[in-house]
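Asker: Sharing a structure here in structure tokens format.
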Amino acid sequence: MKQPMDIAFKVNGREVHVSVEPRRSLADCLRHDLSFTGTHVGCEHGVCGACTVMMDGEAVRSCLVLAVQAEDRLVETVEGLASDDCLSAIQEEFRANHALQCGFCTPGILMSAQALLNTEPEASNDRIREVLSGHICRCTGYIPIVTAIAKARDRLSAASRDHYAIEE
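Each residue of the sequence shown is one higher than the last, beginning at 1 in full-length UniProt numbering.
Structure (structure tokens):
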């Protein structure tokens with residue numbers, strides 16, 4: 001067993017300090033050491049997408065990232081999407097459009113969708129489907145998920161347009 005390493009990084013904007021074995025995955029660190037249990041572990045091979053979080057704004061499979069690689073980085077989990085007890089646009093649209101069933105894959109899909117909308121706010125439905133192709137969900141058939149992400153995209157786009165109109 002290797003000597004534990006002390007690391008510090010931000011999770012959902014909050015600085016955390018944790019001592020981990022060098023081989024511990026970020027997923028296990030988030031879930032077991034820091035109690036961010038919204039990050040689910042499915043395949044542990046980066047295939048299913050359930051463990052997706054954002055690191056420095058980019059969607060990553062936390063089962064494939066070592067916790068020590070998060071040193072001095074910003075990690076965002078599904079718990080960080082909501083603020084002040086208010087759901088984010090993507091979370092509201094998932095609820096409104098029945099885009100989840102069992103919920104196991106949902107946190108990872110939400111994080112991939114949020115990362116997509118952050119970097120490609122005008123992403124087409126085809127692009128949404130392409131991003132979703134990296135996730136395995138056996139419950140919904142993806143149609144409600146695509147609908148929810150597209151509606152969140154449209155809401156965020158309208159809010160952005162309204163924001164700029166107010167400034168002018």
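Built from N, CA and C at the ideal position, the CB exists for glycine as well.
Pick from K2, G108 and D126: whose alpha carbon is nearest that of V20?
Answerer: Selected option, being the one with the closest Cα: K2.
Asker: Below 8 Å on the Cβ atoms is my guess for P144 versus N97; work out the distance and round it to an integer in Å.
Answerer: Going by Cβ atoms, the distance from P144 to N97 rounds to 5 Å, so yes, they are a contact pair.
Asker: Using CA coordinates, which residue listed in D84, R155, L30 and L34 is at the minimum distance from A123?
Answerer: The option with the nearest alpha carbon to A123 is R155.
Asker: Is it right to say S112 is buried, meaning 16 or more other beta carbons lie within 10 angstroms of its own, or is it exposed?
Answerer: With 16 or more Cβ atoms within 10 Å of its Cβ, S112 is classed as buried.
Asker: Using three-state DSSP, classify A8 as helix, strand or coil.
Answerer: Strand at A8.
Asker: Closest to C105 by C-alpha separation, out of I136, L87 and V75, would be which residue?
Answerer: Here the closest residue by C-alpha is I136.
Asker: Under a three-way DSSP split, which group does V16 fall into?
Answerer: Of the three classes helix, strand and coil, the one that applies to V16 here is strand, per DSSP.
Asker: Which whole-angstrom value is the C-beta distance of A50 and I7, which I expect to be below 8 Å?
Answerer: No, A50 and I7 are not in contact; Cβ-Cβ is about 23 Å, not under 8 Å.
Asker: Can you round the beta-carbon distance between A150 and G57 to whole angstroms, since I take them to be within the 8 Å contact cut?
Answerer: Actually they are not in contact, since the Cβ atoms of A150 and G57 sit about 21 Å apart, beyond 8 Å.
Asker: Run the CB neighbour count on D126, radius 10 Å, all protein chains shown included, and call it buried at 16 or more, exposed below.
Answerer: Exposed is the call here.
Asker: Where are the alpha helix (DSSP H) runs, 4 residues long or more, that stay fully inside the region 60-85, in chain order?
Answerer: For the region 60-85, not a single whole alpha helix (DSSP H) run of length 4 or above is found.
Asker: Using a Cβ-Cβ cutoff of less than 6 Å, which residues in the same chain neighbour V11 once the five nearest sequence positions on both sides are dropped?
Answerer: So the list reads V75, once near-sequence residues are dropped.
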